[in-house]
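If you're matching positions, the sequence shown starts at 3 in the numbering used here and goes up one per residue.
Backbone N, C-alpha and C fix where the C-beta goes; we use that ideal spot for every residue, glycine too.
As the structure is a prediction and not an experimental result, all values here were calculated from the model.
Step one of this worksheet: look at the structure below.
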Amino acid sequence: MQFIALIIAVSVLMCRAAVAQIPLTFAQSGAQSGVITGENLSLNGTGQGFVYGKTDLSLHYRFGEGLQIGADLGVDSLQANGQHGGTVFATAGVESAFGKLSVGVPRLVMPQFFDVPAFGGSEVLGVIQGLASGEVLGFMTYFSQTPTLRGLRYDGQAGKITFAASLQQLGDSNRWVHAVALRYVQGAYTVSVGRTDVDVGPYTAITTKAGVFWEKHRFSGGVVASTLAMMGRWENTLNGFIGYALREQVTVEGQVFDIFTATDTFMTWGADVRLGQPSGLFVKAGIARLTPQGDSIVTLSLGYQF
Numbered sequence: 003m004q005f006i007a008l009i010i011a012v013s014v015l016m017c018r019a020a021v022a023q024i025p026l027t028f029a030q031s032g033a034q035s036g037v038i039t040g041e042n043l044s045l046n047g048t049g050q051g052f053v054y055g056k057t058d059l060s061l062h063y064r065f066g067e068g069l070q071i072g073a074d075l076g077v078d079s080l081q082a083n084g085q086h087g088g089t090v091f092a093t094a095g096v097e098s099a100f101g102k103l104s105v106g107v108p109r110l111v112m113p114q115f116f117d118v119p120a121f122g123g124s125e126v127l128g129v130i131q132g133l134a135s136g137e138v139l140g141f142m143t144y145f146s147q148t149p150t151l152r153g154l155r156y157d158g159q160a161g162k163i164t165f166a167a168s169l170q171q172l173g174d175s176n177r178w179v180h181a182v183a184l185r186y187v188q189g190a191y192t193v194s195v196g197r198t199d200v201d202v203g204p205y206t207a208i209t210t211k212a213g214v215f216w217e218k219h220r221f222s223g224g225v226v227a228s229t230l231a232m233m234g235r236w237e238n239t240l241n242g243f244i245g246y247a248l249r250e251q252v253t254v255e256g257q258v259f260d261i262f263t264a265t266d267t268f269m270t271w272g273a274d275v276r277l278g279q280p281s282g283l284f285v286k287a288g289i290a291r292l293t294p295q296g297d298s299i300v301t302l303s304l305g306y307q308f
């Protein structure tokens, strides 16, 4: 509860300092982004269809140069065989030179700071991969009935460093999710670190991540390492990926994702090619193998990005 009080106090100071400098001007702005894809995953000739969606909408009112107030809405959705899963994120917020404070159901911090390419070109496999790397709540937002994650989130920036911290309640229980992450950008390189603590009752699941991303000329890539500690057990993962833009709208990517536990090691890989259009329409085809001896999954996606 001290954490909540601290964030509220910071928000009051933000507002007071910003309001003191507000000129008498007013402006409205809005933005939206997202992706919708229809996917088919084929294993041994048997196909499974999915519809994946992720979208964000924001509306802000600016008072001079010192203060913004507004609302943010996000939706994650996944449909398969007539069954639907998803989560709605909605917050009201205030933003000034001291950062942004959001109240309501804010988006999870870690998935935004560790945004990696979809495994094998499939957003569905990407969500499953996220679960293996410790993103339990991120997985639940698509595949199960997620508890309402009411709480607070603070985003700030200091020079080349951006950071975020959140405190969210798991439904109506007295269990909480604490998350903090920061990102440092230097030229073509980005370094991210973060941690999430999920109180699940008799124990706490702790996920720690660190990653390096780079993008230069037509190449992009990165490496993300994670550790999940829970009930005295641990699981480590290592995710490496690289991409090359053959043309402005044609990209090929490859991924390697390895899981290490105290007793087992799982080594997986994926590859895909993406053909896009300036309108936002795209087609992706890929392949993924979940173990060296396992069967391959063939993926095909048709989508629209905006």
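First through last residue of the beta strand (DSSP E) which encompasses residue i
i       : result
Gln-279 : First-last for Gln-279: undefined, no H or E at that position.
Gln-188 : 178 to 188
Glu-255 : 252 to 263
Ala-166 : 163 to 172
Leu-154 : 151 to 160
Asp-199 : 191 to 201
Beta-bridge pairing of residue i - partner residues as DSSP gives them
i       : result
Phe-221 : Lys-218, Tyr-246
Asn-42  : Gly-51, Leu-302
Gly-101 : Ser-98
Gly-72  : His-62, Gly-95
Phe-268 : Ile-261
Arg-288 : Just to set this straight, residue 288 is Gly in the shown sequence, not Arg. Asp-274, Thr-301, per the DSSP bridge assignment.
Assigned exposure category for residue i - 16 Cβ within 10 Å defines buried
i       : result
Leu-154 : buried
Val-351 : Lying before the first or after the last residue shown, residue 351 is absent from the chain, which here runs from 3 to 308.
Arg-235 : exposed
Ser-303 : buried
Leu-127 : buried
Gly-200 : In the sequence as presented, Gly is not what sits at residue 200; that position holds Val. Burial call: buried.
Arg-249 : exposed
Thr-198 : buried
Thr-267 : exposed
Gln-67  : This sequence places Glu at residue 67; Gln is not what is there. Exposed: under 16 other Cβ atoms inside 10 Å.
Phe-308 : exposed
Ile-163 : exposed
Thr-265 : exposed
Lys-56  : buried
Ser-104 : buried
Phe-28  : Residue confidence is low: Phe-28 scores 47 on pLDDT, short of 50, so the model does not pin down where it sits. Its coordinate-derived value is still stated next. So Phe-28 ends up on the exposed side.
Gly-161 : exposed
Gly-224 : buried
Asn-83  : exposed
Val-252 : exposed
Val-1   : The displayed coordinates of the chain run from 3 to 308. Any statement about residue 1 would go beyond what the structure contains.
Gln-34  : exposed
Pro-25  : Low confidence applies here, because Pro-25 scores a pLDDT of 42, under 50, leaving its location unreliable and the question unanswered by this model.
Thr-263 : exposed
Thr-39  : buried
Ser-175 : exposed
Thr-301 : buried
Asp-297 : exposed
Coil, strand or helix - residue i by DSSP
i       : result
Gly-66  : coil
Met-142 : helix
Glu-237 : strand
Gly-132 : helix
Val-126 : helix
Phe-121 : helix
Asp-274 : strand
Ser-35  : strand
Ser-228 : strand
Ser-175 : coil
Gly-84  : coil
Spatial neighbours of residue i in its chain, beta-carbon cut-off 6 angstroms, leaving aside the 5 residues before and after
i       : result
Leu-292 : Thr-270
Thr-150 : Gly-173
Phe-165 : Gly-158, Leu-184
Lys-102 : Gly-95, Asp-157
Ala-120 : Gly-128
Gly-208 : It is Ile, not Gly, that sits at residue 208 in the sequence shown. Asp-199, Ala-231, listed in sequence order.
Ala-167 : Tyr-156, Val-182
Gly-242 : Val-225, Val-258
Asp-260 : Leu-240, Met-269
Lys-286 : Gly-123, Asp-274, Arg-276, Ser-303
Unbroken alpha helix (DSSP H) run spanning residue i, endpoints
i       : result
Phe-115 : 111 to 115
Short CB-CB distance (under 8 angstroms) between residue i and chain B
i       : result
Tyr-144 : Going by chain labels, chain B is absent from the structure shown, which holds only one protein chain.
Neighbourhood of residue i by C-beta, 8 angstroms cutoff - its chain only, sequence neighbours within 5 removed
i       : result
Met-3   : Bear in mind that a pLDDT of 43 at Met-3, under 50, signals an unreliable position, so the model cannot answer this.
Gly-140 : Leu-110, Met-112, Pro-113, Val-129, Gly-132, Leu-133
Leu-80  : Phe-52, Val-53, Tyr-54, Gly-55, His-86, Gly-87, Gly-88, Val-126, Val-129, Tyr-144, Phe-145
Arg-152 : Gly-106, Val-107, Gln-170, Gln-171
Ala-312 : In this structure the chain extends from 3 to 308, so residue 312 is not present and cannot be described.
Nonlocal neighbours in the same chain, by C-beta distance under 7 angstroms from residue i, ignoring five residues either side
i      : result
Leu-45 : Asp-297, Ile-299
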